[in-house]
Amino acid sequence: MSKLFLFAIGGTGSRVVKSLAMLLASGVKMENTDTVIPIIIDPDASNGDLTRTVEILRLYKEIREKASSDESDFFSTRITSLDELGDGSFVSDNFKFDIEGVKEQLFKDFIEYSSLDESNKSLMSLLFSKNNLEANMEVGFKGNPNIGSVVLNKFKQSEFFKRFAQNFEANDRVFIISSIFGGTGAAGFPLILKNIRDADPSVPHHSFLNDARIGAVTILPYFGVRGNEKTTINSDTFISKTKAALHYYSRNVTGNRSINALYYIGDKVTNEQDGADGSSEQKNRAHFIEMAAALSVVDFMSLTDQELHVQQGTANEPLFYEFGLQNDASVVRFKDLARATYDMLAKPLTKFALFRAFMEYHYEELAGKKGEAWAQDGNNKLNRDGLDTRFKQVLNQFNTHFKEWLQEMQYSNVSFHVIEPDKTGDDLYQLVVGAPEKKTFLSGLLKSSGLKNFRNQLSESAPKYDHLASQKKLLALMSATTASVFDNNISH
1167 MSKLFLFAIG
1177 GTGSRVVKSL
1187 AMLLASGVKM
1197 ENTDTVIPII
1207 IDPDASNGDL
1217 TRTVEILRLY
1227 KEIREKASSD
1237 ESDFFSTRIT
1247 SLDELGDGSF
1257 VSDNFKFDIE
1267 GVKEQLFKDF
1277 IEYSSLDESN
1287 KSLMSLLFSK
1297 NNLEANMEVG
1307 FKGNPNIGSV
1317 VLNKFKQSEF
1327 FKRFAQNFEA
1337 NDRVFIISSI
1347 FGGTGAAGFP
1357 LILKNIRDAD
1367 PSVPHHSFLN
1377 DARIGAVTIL
1387 PYFGVRGNEK
1397 TTINSDTFIS
1407 KTKAALHYYS
1417 RNVTGNRSIN
1427 ALYYIGDKVT
1437 NEQDGADGSS
1447 EQKNRAHFIE
1457 MAAALSVVDF
1467 MSLTDQELHV
1477 QQGTANEPLF
1487 YEFGLQNDAS
1497 VVRFKDLARA
1507 TYDMLAKPLT
1517 KFALFRAFME
1527 YHYEELAGKK
1537 GEAWAQDGNN
1547 KLNRDGLDTR
1557 FKQVLNQFNT
1567 HFKEWLQEMQ
1577 YSNVSFHVIE
1587 PDKTGDDLYQ
1597 LVVGAPEKKT
1607 FLSGLLKSSG
1617 LKNFRNQLSE
1627 SAPKYDHLAS
1637 QKKLLALMSA
1647 TTASVFDNNI
1657 SH
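In our numbering, the protein residues as written are 1167 to 1658.
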């Protein structure tokens, strides 16, 4: 099956990839591919948003390698690094494209300003301010796309680009994630698009790249930053930068039909994040807009090859999309989503939230008890000794990220508050906000509610998965049981 090469540019790109990883872990389906290759492009290698996303991707990979199966919806899509493709001679978990020449170097040194003659120095002074020339690029381009466009143009000359080209086949697809109101994303999107569409004949598989099916989401301003001594970023310039970038895109992206499908998304800007120019201090809260942007990747992959036809490097009928809600709400519940979005999200997120809550609050206590047939009986046991210690640690770390992701989205300026992740015991089935547990006469008679009902369903279903190794059995059993709970025990 075809591959999806996912270029994520800048801090916003990393945060959208994080949301996509959470959706795929929960079982959101990606059509027309079984492999996603994230390629994160950010000169700020220590960016807190980037490092957290890379950690999540590595955890996802390890869980999937040990526990995924055809009988589980969880972690069903393969996520891998570019280094792991090809002949397998060089394997790493590196999801980042390292831009040469930006570490410990000022922009003026990058362009070799001191070696220019006077006339060219004068030209550079017209194109770049003194602050631009003195900019330290190690923490990114700090909202200066004019700097980013120069530095990121080295992408097409890199070994990384050649390795991407070598592994790109005729039916593969590309998707580019970027913001439009900063420096790295605004500059990187059109450059990467151009470098793929205009790949030189000397580049491997250049004809495949020229006619690649390419989608992108361009993220308009959706948050602001509170000014402080840690940042030079000014949110007041976001709108003017966006207008300038859109004008450029109208000629060099949409106007020349170089993109097959372009998704636009943004939100009212409020100064809700603490400002930081980069490095580990740039670690923003997850935002609903980032999850919605991640859904654009899923939507793009649902389009047919015919809808994304390209001829001689030009898209026949470019497609353009926006994101909307069914109900205008400042606090979004599942019921406020459009029907197609609800059908895509509600069941997977609820399933994984149930799984995570059970593993965090109840697994250790119950897995060692007599009478817990799901853990103690059958082959490949799910008790504490049956599950690999390393696997439990990795799963716990990923689940912690998932819980934080849900909680952080509650506090974005458009709050996405659909799950109460700390519901436990008899209240386990109350975790979907606005969708209480269904009460039946039989469940009331047997007092089988919440956790007790969940345990009973686990024990009834466990024998079906005895043929699977313990880690695979756990995910398959939890996937099936949480699906039954969503369908039969939670109102929706």
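Glycine residues also receive a C-beta, built at the ideal position from the N, C-alpha and C atoms. Keep in mind the model is a prediction, meaning the values are calculated, not measured.
Classification of residue i by the beta-carbon crowding that lies within 10 angstroms, buried from 16 upward
i     : result
F1321 : buried
A1504 : exposed
L1251 : buried
F1256 : With a pLDDT of 48 at F1256, under the threshold of 50, the predicted position of this residue should be treated as unreliable, though the coordinate-derived value follows. By the neighbour-count rule (16 or more Cβ atoms within 10 Å), F1256 is not buried but exposed.
E1456 : buried
T1516 : buried
T1555 : exposed
K1169 : buried
A1382 : buried
G1176 : buried
H1567 : buried
Proximal residues to residue i (C-beta, below 7 angstroms), its chain only, five neighbours per side dropped
i     : result
Y1631 : E1237, K1639, A1642, L1643
S1242 : G1193, S1234
R1329 : L1248
D1592 : S1615, G1616, L1617
I1358 : F1173, F1321, I1342
N1376 : R1363, A1365, G1479
Residue i (DSSP reduced to helix, strand or coil)
i     : result
V1464 : helix
K1639 : helix
V1202 : strand
G1214 : helix
Y1388 : coil
V1194 : coil
G1381 : strand
V1560 : helix
I1405 : helix
A1666 : A question about residue 1666 goes unanswered here, because the residues of the chain that appear run from 1167 up to 1658.
V1598 : strand
R1522 : helix
V1182 : helix
F1294 : coil
N1418 : helix
E1586 : coil
A1533 : coil
R1423 : coil
E1284 : helix
E1626 : helix
H1567 : helix
D1554 : coil
S1234 : coil
E1538 : coil
S1615 : coil
Neighbourhood of residue i by C-beta distance below 6 angstroms, restricted to the same chain and skipping five residues each side
i     : result
A1411 : I1346, A1352
V1497 : S1581, H1583
T1128 : The chain is shown only over 1167 to 1658; residue 1128 falls outside these bounds and no answer can be derived.
K1407 : F1347
F1486 : L1428
N1493 : D1502
A1541 : A1533, L1548, N1549
N1482 : H1475
F1454 : M1575, S1578, V1580, F1582
G1552 : S1636
Sequence-distant residues of its chain with Cβ nearer than 8 angstroms to residue i (five each side left out)
i     : result
F1327 : F1321, N1361, V1369
N1418 : P1356, K1360, S1424
R1499 : H1583, V1584, V1599, G1600
Q1623 : T1647, S1650, V1651
T1246 : T1201, V1202, I1203, K1227
E1570 : A1452
Beta bridge counterpart(s) of residue i as assigned by DSSP
i     : result
Y1226 : Paired residues: none, contrary to the question.
K1262 : I1206
L1170 : V1202, R1339
R1244 : T1201
E1603 : I1656
S1581 : V1497
Y1429 : V1383, Y1487
L1572 : In the DSSP output, where bridge partners are listed per residue, L1572 has none listed.
I1175 : I1207
Residue-chain proximity (residue i, chain B), Cβ-Cβ < 9 angstroms
i     : result
Y1430 : Protein chains in the displayed structure number just one, and chain B is not present.
heavy atom of the ligand SAM below 8 angstroms from residue i C-beta
i     : result
L1641 : With respect to the ligand SAM, the structure offers nothing, as it holds no ligand at all.
Next item on the list: Kindly provide the ranges of any alpha helix (DSSP H) runs that are 4 or more residues long and lie completely inside the region 1318 to 1371, ordered along the chain.
Entry: 1325 to 1333, 1350 to 1363
Check: Where in the region 1469 to 1516 do unbroken runs of the alpha helix (DSSP H), each at least 4 residues long, occur, reported from the N-terminal end onward?
Finding: none
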